[in-house]
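Residue numbers (my numbering), protein chains in the order written: chain A, 1 to 313; chain B, 1 to 313; chain C, 1 to 313; chain D, 1 to 313. Using N, Cα and C, we set each Cβ at its ideal position, and we do this for glycine too.
4 protein chains.
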Amino acid sequence: MAKRLSEDAQGVYTISATPFDDTGLIDYKSVDSLVDFYINKNIAGLTILGMMGEATKMSVEETEIFMTYMMKRVNGRVPVVVGVSDPGTNNLVLVAKSSMDAGAAGVMIAPVSGLRTDDAIYNYFEQIFEALGTGIPVCYQDYPQSTNVFISSNCFNRLVRDFDQLVMFKHEDCPGLGKLSSIRNAPNKDDTLRRISILVGNGGIYLPEELSRGADGAMTGFAFPEMLVEVINFHKAGKITEAEDLFDLYTPVVCYEQQIGYGLAARKEILRRRGAIANSATRAPGPKLSAFDHEEISHILTRLENRLREVGR
Amino acid sequence: MAKRLSEDAQGVYTISATPFDDTGLIDYKSVDSLVDFYINKNIAGLTILGMMGEATKMSVEETEIFMTYMMKRVNGRVPVVVGVSDPGTNNLVLVAKSSMDAGAAGVMIAPVSGLRTDDAIYNYFEQIFEALGTGIPVCYQDYPQSTNVFISSNCFNRLVRDFDQLVMFKHEDCPGLGKLSSIRNAPNKDDTLRRISILVGNGGIYLPEELSRGADGAMTGFAFPEMLVEVINFHKAGKITEAEDLFDLYTPVVCYEQQIGYGLAARKEILRRRGAIANSATRAPGPKLSAFDHEEISHILTRLENRLREVGR
Amino acid sequence: MAKRLSEDAQGVYTISATPFDDTGLIDYKSVDSLVDFYINKNIAGLTILGMMGEATKMSVEETEIFMTYMMKRVNGRVPVVVGVSDPGTNNLVLVAKSSMDAGAAGVMIAPVSGLRTDDAIYNYFEQIFEALGTGIPVCYQDYPQSTNVFISSNCFNRLVRDFDQLVMFKHEDCPGLGKLSSIRNAPNKDDTLRRISILVGNGGIYLPEELSRGADGAMTGFAFPEMLVEVINFHKAGKITEAEDLFDLYTPVVCYEQQIGYGLAARKEILRRRGAIANSATRAPGPKLSAFDHEEISHILTRLENRLREVGR
Amino acid sequence: MAKRLSEDAQGVYTISATPFDDTGLIDYKSVDSLVDFYINKNIAGLTILGMMGEATKMSVEETEIFMTYMMKRVNGRVPVVVGVSDPGTNNLVLVAKSSMDAGAAGVMIAPVSGLRTDDAIYNYFEQIFEALGTGIPVCYQDYPQSTNVFISSNCFNRLVRDFDQLVMFKHEDCPGLGKLSSIRNAPNKDDTLRRISILVGNGGIYLPEELSRGADGAMTGFAFPEMLVEVINFHKAGKITEAEDLFDLYTPVVCYEQQIGYGLAARKEILRRRGAIANSATRAPGPKLSAFDHEEISHILTRLENRLREVGR
């Protein structure tokens with residue numbers, strides 16, 4: 001049985017792409033190669049059916065088959081977190097339970113859009129946690145650029161205090177360095193506030209700063225997860241300069257993939273070129289790469305190779 | 001076989017609520033009574049699985065069973081339009097086709113969120129129309145308060161010119177009286193612009209003005225559809241004053257139901273009190289009525305009864 | 001010296017339009033007639049330089065001259081509240097102080113856009129209140145449709161507890177009936193929560209319900225302020241039915257003016273027809289009325305006259 | 001007399017910060033040193049009173065004095081573009097004319113918020129251009145993240161065709177690489193489309209890619225303008241690799257300053273450390289740097305210094 005997601009989680013949880021073939025169907029051969037690609041890069045875990053996984057463009061049947069298939073392919077080698085955000089609480093709970101039954105380590109939930117105040121957010125999650133029960137570990141996905149829901153650090157810590165199953169904060173508010181510090185360094189009178197795991201998103205663009213502010217790792221789909229892994233390892237070992245030196249080699253690619261929308265198409269193309277998937281197609285409606293975009297990606301990858309060669313990597 | 005939705009559509013297309021029981025499951029006995037309630041009010045058609053129908057809170061299995069059940073209960077007495085908007089084009093097309101197979105008269109589509117310019121909207125619908133084929137009549141749902149997608153009247157009319165399957169405009173931009181006029185009165189050189197059906201939403205709050213500006217009817221879930229039916233009939237018969245006299249009796253209720261979010265809970269409660277459904281529950285996350293809300297609804301309905309009695313209705 | 005704005009404020013505070021002439025300049029003769037028009041309708045106070053007053057389209061010189069002129073014309077007959085919201089705290093404080101020096105009864109402040117959580121809103125107003133000092137009575141303008149800032153009732157009441165100069169809540173969140181009740185009926189342990197004045201906006205569209213939920217009056221620019229005055233008086237006298245009977249005669253006009261943006265042009269045209277101002281022009285960029293719009297306004301006013309005649313008013 | 005802004009503009013137009021002292025007043029000694037700092041870095045022009053310049057937090061008197069002072073200090077050494085965006089057309093035109101009278105080379109205008117379609121944007125600028133007359137060169141500021149107004153490349157090029165005074169596109173939509181290409185490479189039948197200047201914003205984060213796609217330079221406030229200048233010069237000389245090598249040394253700082261809101265405080269602090277201004281205060285409401293933020297900035301500047309030393313710069 002898979003390890004449950006807990007407050008101790010650290011390292012890289014890669015948000016998996018969903019590979020499609022030319023006809024738009026899920027390409028299961030590429031699922032195999034993609035899972036192996038990720039795991040070979042020494043990631044700590046996988047996150048599936050997140051926004052980057054094009055989950056909202058898949059039918060429910062596909063989602064179920066895909067999730068089960070993924071679990072089998074991963075086969076317990078790393079824990080798998082399943083994105084279960086849903087406009088309806090019923091659906092959310094159903095999918096969360098079936099994900100756990102299928103072997104998930106935990107679920108990731110973003111607040112439903114339309115929540116306007118801390119009180120509204122708290123009430124929503126209270127309802128969710130009651131419906132889920134205490135047995136399902138939960139990661140809070142804080143991605144207001146997409147949800148338009150803004151939680152204060154006070155409100156988040158109130159949720160941590162009141163619900164033991166909340167074990168992880170997916171930090172993706174941007175700019176959000178101050179918020180990360182504020183959550184990590186909250187006053188903890190009488191030791192009532194558990195230290196939860198904080199993994200960062202946004203393609204890792206502020207990973208070095210975020211690690212210094214107390215993040216435990218990254219949960220993002222950056223196409224070179226091995227860099228994130230190594231940066232985090234350096235950091236944990238106190239080798240801050242080595243971490244930054246390595247990170248900075250990749251920043252042009254990090255920035256390039258960080259273009260919302262377009263970045264997903266670019267990222268899948270980079271994964272294709274790295275042999276992780278056979279086809280970089282995204283489902284409609286979604287960005288398509290022009291001939292110029294392809295050249296630009298070639299150029300930016302060459303730029304990376306040159307940087308790596310210069311430092312003898 | 002059901003009549004196809006066409007440019008000639010007029011009258012009231014009621015957007016159906018979805019009745020749930022206390023445990024949150026679909027209450028099929030109430031579906032029966034609700035369908036009969038609507039049809040007995042002489043509506044021209046039904047729209048299901050719209051935003052008001054809480055479609056996004058239902059699982060796909062429920063959606064399919066519900067749609068099929070609805071079609072059987074309606075049994076061709078009125079045409080049924082099915083809301084099929086979806087973040088993914090694949091899903092949208094699948095559901096549209098299965099809806100038509102199940103006997104729908106046409107489908108209603110709102111643009112996917114994130115479309116920012118007329119060109120982007122046009123390209124999206126071009127792709128949708130190509131994927132759907134010419135055999136499926138389409139109603140464009142223009143509800144920017146929810147989608148954050150704003151189409152110009154020029155762009156909409158360009159779609160009308162280029163795609164014959166686009167037969168209806170669900171008008172719900174607000175304020176939108178000028179837009180309605182602009183679409184209806186667009187220059188029509190060489191007679192290349194079909195006159196499509198325009199049905200209005202927003203609970204019918206501007207129905208008298210909109211009929212005078214060329215609307216053909218209403219597509220909304222107002223809990224007294226018989227009023228909308230009669231107002232439209234008066235208007236078609238040139239009895240403008242009678243139409244307005246009748247409409248004005250109901251404006252407090254129209255305004256009351258027009259409170260976004262809360263209004264759905266109020267509307268279902270009014271439908272319950274009218275005997276159309278057995279239970280006014282909405283699915284979580286959704287508004288719950290307080291004791292005070294219930295009293296307020298009682299009061300507003302008494303206010304309506306008094307008005308009706310005063311004029312001898 | 002003018003009466004200071006206090007927690008006791010009730011009745012109608014009309015938000016004044018700003019009259020312009022054909023060349024776009026402020027028409028001071030119309031300012032005279034407009035002020036007299038309002039005061040003759042027995043309003044309790046005036047609010048100037050609000051969003052409806054097109055304040056953001058006026059130069060600072062104009063604003064100062066206009067404010068001073070207004071104060072002189074009002075000449076202490078009713079208290080005047082001045083809208084002083086500003087992206088910069090310095091400017092806000094300067095204008096607030098000069099408004100009070102010119103004879104304002106208090107100032108109205110909406111939170112600056114970009115505040116995302118209760119904590120951020122509280123901190124912003126704490127800073128404002130400290131800069132203003134305790135001598136300037138403040139009305140909190142809660143208009144999230146325009147500011148995109150959402151305050152919880154808890155956070156608002158925390159501000160009431162901590163800052164004595166906060167004496168009024170301009171209620172314009174919509175739907176917002178539950179919020180109004182929640183603020184009015186907040187638990188008041190140890191009697192630490194002052195009862196502040198609540199005046200409602202949104203053109204008064206939910207005025208009867210809001211009065212029943214504890215509102216003290218309306219602050220809005222509806223072109224028939226005498227109706228609002230009388231409805232509130234009826235309500236205070238316990239004549240709920242009379243209040244609603246009167247209100248319902250005007251709902252078509254209330255709804256018509258409630259069209260955001262366009263409604264301002266319509267409202268100024270109605271004020272013109274009522275002889276309150278000489279010219280209904282709004283400053284660019286702003287809506288312009290078409291020939292059809294003018295006819296529609298004529299029609300809606302005739303509809304009102306007929307209603308009033310029917311009941312012998 | 002100053003050179004007028006034209007389609008030929010290229011290089012770096014630095015968006016100037018506005019330096020304040022501890023009491024919140026404009027620090028004119030720092031204005032002197034800042035202007036000299038910028039010009040000594042070989043910038044091509046200056047832009048003042050943009051969003052980054054905290055213009056909306058300054059009073060009108062301050063704005064006028066500041067603008068005049070700036071012009072005198074610059075003294076024709078480089079062209080100065082003045083941001084004149086305003087909710088009111090009257091004000092916009094007044095400030096634009098007084099800016100030109102004071103010696104500005106041109107004005108920068110962002111569309112007023114609330115414009116929802118290409119047609120609405122076109123009409124707004126048509127009105128502006130008519131009010132301004134043909135003698136004032138205009139830069140269109142395309143910054144939808146702030147304005148929520150999205151122009152299509154087709155609509156922008158239509159404006160270019162119809163209004164000769166439109167000479168520059170400030171490109172800040174993000175992601176926006178495709179849009180830049182689409183504007184630059186628009187079909188130009190019968191040679192009716194002038195080639196206008198495109199300067200990029202967003203802190204220059206995609207400058208290398210944007211130059212390859214046809215941008216002429218950057219208009220941004222990055223605290224190391226000399227890097228942008230040199231990158232652009234390398235690029236113009238065909239030395240793409242040198243351009244990228246240099247740019248990549250600074251990407252951590254570019255990304256760091258690119259944090260919306262917070263980034264302004266960081267940027268002013270970096271300018272202070274570089275000796276350009278005496279005080280890094282921003283006006284309220286605005287971000288304040290914590291002790292940790294200061295350390296982080298020290299660290300990121302050390303990281304830059306190390307990178308520069310490694311390559312012998």
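Taking buried to mean at least 16 other C-beta atoms within 10 Å of its own C-beta, is residue i buried or exposed?
{"i": "A104/D", "result": "buried"}
{"i": "V84/B", "result": "buried"}
{"i": "Q145/B", "result": "exposed"}
{"i": "K179/A", "result": "buried"}
{"i": "R303/B", "result": "buried"}
{"i": "K170/A", "result": "buried"}
{"i": "Q127/C", "result": "exposed"}
{"i": "T89/D", "result": "buried"}
{"i": "A218/B", "result": "buried"}
By how many angstroms is the C-alpha of residue j removed from the C-alpha of residue i?
{"i": "S98/D", "j": "D119/C", "result": "41 Å"}
{"i": "E7/B", "j": "I196/B", "result": "5 Å"}
{"i": "D27/D", "j": "T18/D", "result": "8 Å"}
{"i": "L177/B", "j": "H299/A", "result": "51 Å"}
{"i": "M1/A", "j": "Y124/C", "result": "Low confidence applies to M1/A: its pLDDT is 48, below 50, so where it sits in the model is not reliable, and the reading given next is rough at best. When rounded, the distance between both Cα atoms is 50 Å."}
{"i": "Q258/D", "j": "S212/A", "result": "19 Å"}
{"i": "R273/A", "j": "P287/A", "result": "18 Å"}
{"i": "F231/C", "j": "I260/B", "result": "In the sequence as displayed, the identity of residue 231/C is Val instead of Phe. Between V231/C and I260/B, the C-alpha separation is close to 25 Å."}
{"i": "K239/D", "j": "L246/D", "result": "11 Å"}
{"i": "M183/A", "j": "V81/A", "result": "Inspection of the sequence shows that residue 183/A is occupied by Ile rather than by Met. About 22 Å."}
{"i": "G24/B", "j": "T282/B", "result": "8 Å"}
{"i": "E295/C", "j": "M108/D", "result": "40 Å"}
Taking Cβ-Cβ distances shorter than 9 Å, what residues in chain C pair up with residue i?
{"i": "T117/A", "result": "T117, D118, F150, I151, S152, S153, N154, C155"}
Would you give the residue range spanned by the alpha helix (DSSP H) that residue i belongs to?
{"i": "G178/A", "result": "177 to 184"}
{"i": "L304/A", "result": "291 to 310"}
{"i": "T241/A", "result": "240 to 257"}
Using the beta-carbon of each residue, which ones in chain D are nearer than 7 Å to residue i?
{"i": "F292/A", "result": "S181"}
{"i": "E305/A", "result": "Ordered by position in chain D, no residue passes the 7 Å Cβ test against E305/A, which lies about 13 Å from the chain."}
What residues of chain A sit near residue i, judged by a beta carbon separation below 8 Å?
{"i": "P175/D", "result": "Q259, I260, G261, Y262, G263"}
Starting from the beta carbon of residue i, find every residue of chain C whose beta carbon is closer than 7 Å, and list them in chain order.
{"i": "T282/B", "result": "The contacting residues do not exist; T282/B stays about 14 Å from chain C at best."}
{"i": "P87/D", "result": "T56, K57"}
{"i": "G24/D", "result": "N90"}
So which residues on chain C does residue i lean against when the C-beta distance must stay under 8 Å?
{"i": "V60/D", "result": "S59, V60, E61"}
{"i": "T251/B", "result": "D248, T251, P252, C255"}
Strictly below 9 Å CB to CB, what residues from chain D border residue i?
{"i": "D142/A", "result": "Chain D residues near D142/A: none, gap ~16 Å exceeds 9 Å."}
{"i": "Q145/C", "result": "Per Cβ cutoff of 9 Å: no residues; Q145/C is ~12 Å from chain D at best."}
{"i": "E7/A", "result": "Under the 9 Å cutoff, chain D gives no residues; its nearest Cβ is about 23 Å from E7/A."}
Terminal residues of the continuous beta strand (DSSP E) containing residue i?
{"i": "C139/B", "result": "138 to 142"}
{"i": "F169/D", "result": "166 to 171"}
{"i": "S197/D", "result": "197 to 200"}
Whose Cβ in chain B lies nearer than 7 Å to the Cβ of residue i?
{"i": "I205/C", "result": "C255"}
Note to self: Counting beta carbon pairs with one atom in the segment 298 to 312 of chain A and one in the segment 48 to 58 of chain B, are three or more of them shorter than 8 Å?
What the structure shows: The segment 48 to 58 of chain B makes no contact with the segment 298 to 312 of chain A: fewer than 3 CB pairs, one atom from each, lie closer than 8 Å.
Check: Can you find at least 3 beta carbon pairs, one from the segment 38 to 45 of chain C and one from the segment 254 to 273 of chain C, that sit closer than 8 Å?
Finding: The segment 38 to 45 of chain C is not in contact with the segment 254 to 273 of chain C.
Note to self: Measuring CB atoms only, is the segment 128 to 136 of chain B touching the segment 188 to 202 of chain B, in the sense that at least three cross pairs come out at less than 8 Å?
What the structure shows: Taking a contact to require three or more Cβ pairs closer than 8 Å, the segment 128 to 136 of chain B and the segment 188 to 202 of chain B do not qualify as touching.
Next item on the list: Pair every Cβ in the segment 155 to 174 of chain C with every Cβ in the segment 201 to 218 of chain C, then say whether three or more of these pairs are closer than 8 Å.
Entry: Counting C-beta pairs with one atom in each stretch, the segment 155 to 174 of chain C and the segment 201 to 218 of chain C have three or more that are closer than 8 Å, which means they touch.
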